[in-house]
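Peer 1:
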Amino acid sequence: MKKVILLGALLLTLTACGQNTPTTSTDENKSNAQTNTTTTTAKNSQTNGKSSENTQNTTKSSASEKKVDALAELKKENPKTLLPTDIPRDENRALNIAMDKKKDSLAILYYIMDTPLVLNDQSLNQQTPFARYKMEQFTSKDAAAKAVNYQFDGGGHKVELGHNITAYSQGAAGSTYLNWKEGNWSILLRSSNIEGQDGTALAKEVVNYLEEALLPAPKNLGQITIDMTKSGYESNQVVWQAGKTVYTVAHEDTIPALKMAVSMNK
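If you count by the UniProt record's numbering, then the sequence shown holds residues 1 to 266, one letter each, in order.
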């Protein structure tokens with residue numbers, strides 16, 4: 001009788017052990033499954049976060065890489081205005097532009113910089129322009145003619161510049177003035193005797209260039225003023241009249257100023 005009782009107790013104990021073992025294993029598996037799920041979710045979340053961040057960075061990069069072209073903006077703003085198509089400069093740097101547009105005039109300043117900027121960027125106020133363009137409309141042809149400030153003086157001694165062009169030379173206050181005509185254009189060149197500037201050499205260079213290139217034909221008058229004693233764009237100015245309209249282009253260098261005007265020859 002005791003053997004039966006002991007045998008029954010042993011069976012009950014074995015049964016209980018057999019039931020508890022798989023239960024413990026299942027709980028651990030569930031715990032491991034939850035841990036794996038949490039880890040996977042966290043990794044996916046991090047991946048998605050990085051993906052979103054990369055997308056945002058790509059968008060920012062695309063926006064920052066969007067080409068800034070002040071010259072294209074200028075043309076878009078003034079589709080019917082005669083503008084220079086050639087602004088000689090260092091092509092490896094950015095051309096930036098400031099524009100002042102009014103009812104009867106358009107003034108443009110050109111800047112050469114390392115960074116491209118939008119048209120009329122405020123930071124251009126602290127920069128120095130290398131070239132200029134201006135268009136003015138007047139109420140009469142006479143008023144426009146006065147604005148050209150045509151100057152020609154055939155006095156003084158003759159200086160042959162080549163290509164059958166004769167200039168007239170006069171000296172005053174340490175300067176030498178060479179004056180000559182080509183068609184309706186008058187060209188006045190000033191050089192400094194004190195600084196030893198060779199105005200004749202530059203005059204011949206101008207004549208040689210104009211022998212190959214055609215300036216706009218002034219419907220009335222045209223004036224080219226070259227001042228070797230100055231620096232900046234005001235030292236080389238090309239001004240001409242087209243009826244009631246007067247165009248002016250200027251560049252810090254002489255031949256580039258002429259090239260700007262030539263590019264406007266319709």
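Glycine residues also receive a C-beta, built at the ideal position from the N, C-alpha and C atoms.
Within 8 Å, do at least three Cβ pairs link the segment 138-158 to the segment 110-128?
Peer 2: The answer is no - the segment 138-158 does not touch the segment 110-128, with fewer than three Cβ pairs under 8 Å.
Peer 1: Can you list, in chain order, the residues of its chain whose CB lies under 6 Å from that of Val238, leaving out five sequence neighbours each side?
Peer 2: By 1-based counting over the sequence shown, the position of residue 238 is 238. Excluding positions up to five away in sequence, the list reads Ile224, Val249, Ala257, Ala261.
Peer 1: Could you give the distance in angstroms between the alpha-carbon of Tyr168 and the alpha-carbon of Gly199?
Peer 2: Taking the first residue of the sequence shown as position 1, residue 168 is located at position 168. Taking the first residue of the sequence shown as position 1, residue 199 is located at position 199. So the two alpha carbons sit approximately 12 Å from each other.
Peer 1: At 4 residues or longer, what runs of the alpha helix (DSSP H) sit wholly inside the segment 125-211?
Peer 2: As far as the segment 125-211 is concerned, its whole alpha helix (DSSP H) runs of at least 4 residues are 141-148.
Peer 1: Taking Cβ positions, are Gly196 and Tyr150 nearer each other than 9 Å?
Peer 2: The sequence position of residue 196 within the sequence shown is 196, counting from 1. The sequence position of residue 150 within the sequence shown is 150, counting from 1. No, the pair does not count as a contact, with Cβ atoms beyond the cut-off.
Peer 1: Helix, strand or coil, according to DSSP, for Asn44 in the structure here?
Peer 2: Start at 1 with the first residue of the sequence shown, and residue 44 comes out as number 44. For Asn44, the predicted structure reports a pLDDT of 49, less than 50, and the residue's modelled location is therefore unreliable. A value from the coordinates is still provided. Asn44: helix per DSSP, three-state reduction.
Peer 1: Since I believe Glu252 is in contact with Gly232 (beta carbons under 8 Å), could you give me their beta-carbon distance rounded to a whole number of angstroms?
Peer 2: Counting from one through the sequence shown, the residue named residue 232 turns up at place 232. Counting from one through the sequence shown, the residue named residue 252 turns up at place 252. Rounded, the Cβ-Cβ distance is 6 Å, consistent with contact.
Peer 1: On the criterion of 16 or more Cβ atoms from any shown chain inside 10 Å, does Thr128 qualify as buried, or is it exposed?
Peer 2: Along the sequence shown, read from residue 1 onward, the residue named residue 128 stands at position 128. Result: exposed.
Peer 1: Within its chain, find whatever has a CB closer than 7 Å to the CB of Leu161; leave out the 5 residues flanking it on each side and keep chain order.
Peer 2: Here residue 161 corresponds to residue number 161 of the sequence shown, with the count starting at 1. Same-chain partners within the cutoff: Ala167, Trp180, Ala203, Lys204, Val207.
Peer 1: State the start and end residues of the unbroken beta strand (DSSP E) segment that holds Met228.
Peer 2: As a working mapping, residue 228 is identified with position 228 in the sequence shown. First-last for Met228: undefined, no H or E at that position.
Peer 1: For Lys102, does the three-state DSSP call read helix, strand or coil?
Peer 2: By 1-based counting over the sequence shown, the position of residue 102 is 102. Here Lys102 sits in strand by DSSP.
Peer 1: Taking the Cβ atom as the reference point for each residue, do Leu83 and Lys75 lie within a distance shorter than 9 Å?
Peer 2: Translated into the one-based positions of the sequence shown, residue 83 becomes position 83. Translated into the one-based positions of the sequence shown, residue 75 becomes position 75. Yes, Cβ-Cβ distance for Leu83 and Lys75 is below 9 Å.
Peer 1: Ile87 by DSSP, collapsed to three states: which one?
Peer 2: Walking along the sequence shown from the start, residue 87 turns up at place 87. DSSP places Ile87 in coil when its eight states are reduced to three.
Peer 1: Quick one: what's got a C-beta closer than 8 Å to Asn193's C-beta in the same chain, skipping five residues either side?
Peer 2: As a working note, residue 193 is residue 193 in the sequence shown. Hits under 8 Å: Gly171, Gly174, Ser175, Thr176.
Peer 1: Around the C-beta of Gln241, are 16 or more other C-beta atoms found within 10 angstroms, so that it is buried, or is it exposed?
Peer 2: The residue labelled residue 241 in the question sits at position 241 within the sequence shown. Its Cβ being crowded by 16 or more others within 10 Å, Gln241 is buried.
Peer 1: Applying the criterion that 16 or more other CB atoms from any shown protein chain within 10 Å of the CB defines a buried residue, is Lys266 buried or exposed?
Peer 2: Position 266 of the sequence shown holds residue 266. Looking at its Cβ environment, which holds fewer than 16 other Cβ atoms inside 10 Å, Lys266 is exposed.
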